[in-house]
């Protein structure tokens, strides 16, 4: 519910992402979750989903201050270095997560506005 309110106000924070990851992990291995989606079972044959990526993302988010998790735009170069050091990752990993977060935020905005057509979902 909190996430829905944030999305409706065009806010999707790292706190929200962290909550989503925790919920996904509670559901079981990602392969099983994706296998429940009609048509995905066949596409997943031979593909392994790396759960370490979730651990890396969580480590990076946990190394952010609450202020950084709520407002990613304040994350400058020195903050990225501190986050990377605290999470046991490198600055490019932090940059990648910031880019992915921005992409998710844009996608959620399109969903909210009804602009995203199903055919574009996987592109």
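In the working numbering, the protein residues as written are 5 to 127.
In this text, a Cβ means the ideal position worked out from N, Cα and C, and glycines have one as well.
Small disclaimer: the values here were computed from a predicted structure and weren't measured.
Simplified DSSP assignment, three categories, for residue i
i           : result
residue 88  : helix
residue 122 : Legend: pLDDT at residue 122 = 49, less than 50; position of this residue unreliable, value from coordinates given subsequently. Residue 122: helix per DSSP, three-state reduction.
residue 81  : helix
residue 109 : helix
residue 33  : coil
residue 23  : helix
residue 74  : helix
residue 93  : coil
residue 60  : helix
residue 66  : helix
Distance CB(residue i)-CB(residue j) smaller than 9 Å
i          : j           : result
residue 93 : residue 60  : yes
residue 87 : residue 78  : no
residue 30 : residue 66  : no
residue 62 : residue 25  : yes
residue 76 : residue 106 : yes
Neighbourhood of residue i by C-beta, 8 Å cutoff - its chain only, sequence neighbours within 5 removed
i          : result
residue 85 : 95
residue 71 : 78
Neighbourhood of residue i by C-beta distance below 7 Å, restricted to the same chain and skipping five residues each side
i          : result
residue 19 : 73 and 74
residue 98 : 64, 84, 87 and 88
Rounded distance between the beta-carbons of residue j and residue i, thought under 8 Å
i          : j           : result
residue 64 : residue 91  : 5 Å
residue 16 : residue 109 : 5 Å
Proximity to residue i [Cα-Cα], best of the options
i          : options        : result
residue 57 : 76, 15 and 100 : 100
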